[in-house]
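Colleague: Under my numbering, read the sequence shown as residues -8 to 412, first letter to last.
All C-beta atoms, glycine included, are put in the ideal place defined by N, C-alpha and C.
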Amino acid sequence: MKVSTRVISGLGILVLLALAALAYQVSVIHQMQTINRDLAAVNFHAGSTALGLLEISRTIGEFSRKYFVSPDPYERELETYRSEFLEGVKELRKTVRTQKERTEVESLFNAFEDYSRTFNDVKQGNAGREMAYLPPGLSIAIDHLEARTVAVYDAIKLSIHDEGARAAQAGQKAEIASWAAGFLAVILCVLAAAVTVGAINEPLRSLTDGTRAIAKGWFWHRLPVRGSSEFAELARDFNAMAERLGELDQMKKDFVSHVSHDLKAPLASMRQVMHLMLQEIPGSLNEQQKALLRLSYNSAERLAAMVGNLLDVSRMEAGAMEYDMASHDLVPLIEGVIEEFKIQAMEKGIRLTLEPSRQPVEVHCDRDRIVQVMGNLIENALKFSPANSEIVTRVAEAGAGSVVVSVIDSGPGIPEAHRKK
-8 MKVSTRVISG LGILVLLALA ALAYQVSVIH QMQTINRDLA AVNFHAGSTA
42 LGLLEISRTI GEFSRKYFVS PDPYERELET YRSEFLEGVK ELRKTVRTQK
92 ERTEVESLFN AFEDYSRTFN DVKQGNAGRE MAYLPPGLSI AIDHLEARTV
142 AVYDAIKLSI HDEGARAAQA GQKAEIASWA AGFLAVILCV LAAAVTVGAI
192 NEPLRSLTDG TRAIAKGWFW HRLPVRGSSE FAELARDFNA MAERLGELDQ
242 MKKDFVSHVS HDLKAPLASM RQVMHLMLQE IPGSLNEQQK ALLRLSYNSA
292 ERLAAMVGNL LDVSRMEAGA MEYDMASHDL VPLIEGVIEE FKIQAMEKGI
342 RLTLEPSRQP VEVHCDRDRI VQVMGNLIEN ALKFSPANSE IVTRVAEAGA
392 GSVVVSVIDS GPGIPEAHRK K
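1. Does the Cβ of L136 have 16 or more other Cβ atoms within 10 Å, making it buried, or fewer, making it exposed?
2. Does the distance from the CB of Y58 to the CB of L69 come in under 8 Å?
3. Note down, one range per segment and in chain order, each beta strand (DSSP E) of at least 3 residues found wholly within the segment 291 to 373.
4. Cβ atoms of G173 and A11: under 8 Å apart, would you say?
5. Give me the residue from C180, R93, A37 with the minimum Cα distance to L8.
6. Flag this pair as yes or no: are the beta carbons of A233 and H212 separated by less than 8 Å?
7. In chain order, what residues of the same chain lie with their CB nearer than 8 Å to the CB of V298, ignoring the 5 residues before and after it?
8. So, with DSSP's three-state summary, where would you put V264?
9. Three or more C-beta pairs closer than 8 Å, one from the segment 373 to 381 and one from the segment 400 to 408: is that the case here?
10. Any heavy atom of the ligand SAH closer than 7 Å to the CB of L136?
11. Taking V383 and V352 to be in contact with their CB atoms under 8 Å, please state how far apart those CB atoms are, rounded to whole angstroms.
12. Provide the residue(s) that pair with R235 in DSSP beta bridges, ordered along the chain.
13. With DSSP as the reference, please indicate the residues paired to R385 in a beta bridge.
14. With distances taken from CA atoms, which of Q160, L77, A231 is nearest A41?
15. Between M297 and chain B, is the shortest Cβ-Cβ distance under 8 Å, so that the two count as touching?
16. Determine contact between the segment 282 to 301 and the segment 311 to 328, defined as no fewer than three beta-carbon pairs at a distance below 8 Å.
17. I'd like to know whether the C-beta atoms of G52 and I151 end up nearer to each other than 8 Å.
18. Just list the residues that DSSP pairs E390 with in beta bridges.
19. Give the DSSP-derived three-state secondary structure of Q160 in the structure shown.
20. Rank F222, A190, Q22, S260 by C-alpha distance to the C-alpha of A158 and give the top, closest one.
21. Which word fits L195, buried or exposed, when buried means at least 16 other C-beta atoms lie within 10 angstroms of its C-beta?
22. Kindly provide the ranges of any beta strand (DSSP E) runs that are 3 or more residues long and lie completely inside the segment 193 to 250, ordered along the chain.
23. For L198 and F229, which I take to be in contact (beta-carbon distance under 8 Å), what is that distance rounded to the nearest angstrom?
24. Our contact map puts I329 next to I361 with C-beta atoms below 8 Å; I'd like the distance itself, whole angstroms only.
25. Would you mind working out which of R235, N300, I191 sits nearest I205, comparing C-alpha positions?
26. Could you round the C-beta distance between S107 and R139 to whole angstroms and report it? I think they count as a contact, below 8 Å.
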């Protein structure tokens, strides 16, 4: 999978999660709005109607009792209240929602029908005569009507309470579900981001490690190639580059090794010839001839040292460097190196001194390599020290069987960036 596809897929997943969370929140809000709308539009209207019926039922009972005592003043008003009560019951039939409410409303309607029949029977039986008290049947019907009205009102109140509790419970569930959905969305977002970042980070880390390996000269290092993404193409190009660099490095090593070997034999012959001539074995020389030969001999010695260094570098890179380790006194070795550079130091007016901690300083080392290293250090010190200064070579024991050799001069010193080399 390509990197761009991975990034787009990760972002797409995050967007989908955000949209899913938003859709869920909208659905919860819509559900709460529906519950609140139902509560406001139905239950409270039904409750208001039931409360009105309760007042009317009491008024009907009161006027019914007064009617049979004095019919004329209350007949029309009683008929009006009875009509209003019947309309209220019909309205409740339309607005109630629960089965219990419907059952109670039907019981109320039956109670009203029973009251109406009893009232009409009593009215026809008395034919407008005043009565000292109500017949028991009508009194029972009036009480039953009031009781059924109270039962309807209580049922509607209970329904309102249940709806409120349901709304509160739905709100709590919605809150818990919202937190859970949000938490799940965050976890999924983190996982999607981690997968996306990991899919990009791992190849980048591998490329970084490979670049550092090449910088260290490990041209054999190769990056793993997986899939057909941009990173896989980059890994293939990197491996091709590393292979080519390894070939070039090997060519360089072979060239240096061959040239060094080819130069070593002629240089040895030249040095041997000049050495014999300086000893005047072929014949005597004047001072000018000796000076010229000595100059040529010194140049050949330096060139031989350079060739030797090149060979040493080739051996070290090939892992074939050999050391002749033995016990040596370090002070005489350093004195011999200083002696070789005394003439060069005198020409610049530089004093070469040795400050050993004690005599002798025995170390386990390769004699030729120690002489080579000390020669390089003193040569560099002579090269960068000002005239009429001093170069001090100090030998000191550092404890635990180790020795520290310091070459101290008055030059500018080695730059910080080059000291690790």
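Modeller: So, from the listed chains and residues:
1. Within the sequence shown, numbered from 1, the residue matching residue 136 stands at position 145. Looking at its Cβ environment, which holds 16 or more other Cβ atoms inside 10 Å, L136 is buried.
2. Counting from 1 along the sequence shown, the entry for residue 58 is found at position 67. Counting from 1 along the sequence shown, the entry for residue 69 is found at position 78. Cβ atoms of Y58 and L69: closer than 8 Å.
3. 316 to 320, 342 to 347, 353 to 357
4. Counting from 1 along the sequence shown, the entry for residue 11 is found at position 20. Counting from 1 along the sequence shown, the entry for residue 173 is found at position 182. Not a contact, by the Cβ cut-off of 8 Å.
5. Stepping through the sequence shown from its first residue, residue 8 is reached at position 17. For L8, the nearest C-alpha among the options comes from C180.
6. Position 242 of the sequence shown, counting from 1, holds the residue named residue 233. Position 221 of the sequence shown, counting from 1, holds the residue named residue 212. Contact annotation: A233 and H212 have beta-carbon atoms nearer than 8 Å.
7. Sequence index remark: in the sequence shown, residue 298 carries index 307 (1-based). Within the same chain, V298 has close Cβ partners S251, L254, K255, L258.
8. Residue mapping note: residue 264 aligns to position 273 of the sequence shown, counting from 1. Reduced to three states, the DSSP call for V264 is helix.
9. yes
10. No copy of the ligand SAH occurs in the structure displayed, which carries no ligand at all.
11. Residue mapping note: residue 383 aligns to position 392 of the sequence shown, counting from 1. Residue mapping note: residue 352 aligns to position 361 of the sequence shown, counting from 1. Between V352 and V383 the Cβ distance is about 16 Å, and since that is not below 8 Å, they are no contact.
12. For the purposes of this step, residue 235 is taken as the residue at position 244 of the sequence shown. BP columns for R235 are empty, so no partner.
13. Locating residue 385 in the sequence shown gives position 394, counting from the first residue. Listed as beta-bridge partners of R385 by DSSP are E346, S397.
14. On the sequence shown, residue 41 is found 50 positions in, with the first residue counted as 1. Looking at the Cα atoms, L77 is the closest of the given residues.
15. In summary, chain B is missing from the structure at hand, where a single protein chain is found.
16. no
17. Along the sequence shown, one-based indexing puts residue 52 at 61. Along the sequence shown, one-based indexing puts residue 151 at 160. Taking 8 Å as the Cβ cut-off, G52 and I151 do not qualify as a contacting pair.
18. The sequence position of residue 390 within the sequence shown is 399, counting from 1. Note that residue 390 is Gly in the sequence shown, not Glu. Bridge partners of G390: S393.
19. Here residue 160 refers to the residue found at position 169 when the sequence shown is read from its first residue. If DSSP states are grouped into helix, strand and coil, Q160 belongs with the helices.
20. For the purposes of this step, residue 158 is taken as the residue at position 167 of the sequence shown. Closest option to A158, Cα to Cα, is Q22.
21. Locating residue 195 in the sequence shown gives position 204, counting from the first residue. L195 comes out exposed.
22. none
23. Residue 198 sits at position 207 when you count from the first residue of the sequence shown. Residue 229 sits at position 238 when you count from the first residue of the sequence shown. Separation of the CB atoms of L198 and F229 is rounded to 7 Å, and the pair is thereby assigned contact status at 8 Å.
24. Numbered from its first residue, the sequence shown carries residue 329 at position 338. Numbered from its first residue, the sequence shown carries residue 361 at position 370. Not confirmed; about 13 Å, so no contact.
25. Your numbering for residue 205 matches position 214 in the sequence shown. If we check each option's Cα against that of I205, R235 comes out closest.
26. Reading the sequence shown from its first residue, position 116 is the one you call residue 107. Reading the sequence shown from its first residue, position 148 is the one you call residue 139. Rounded to whole angstroms, the Cβ separation of S107 and R139 is 13 Å, and the two are not in contact under 8 Å.
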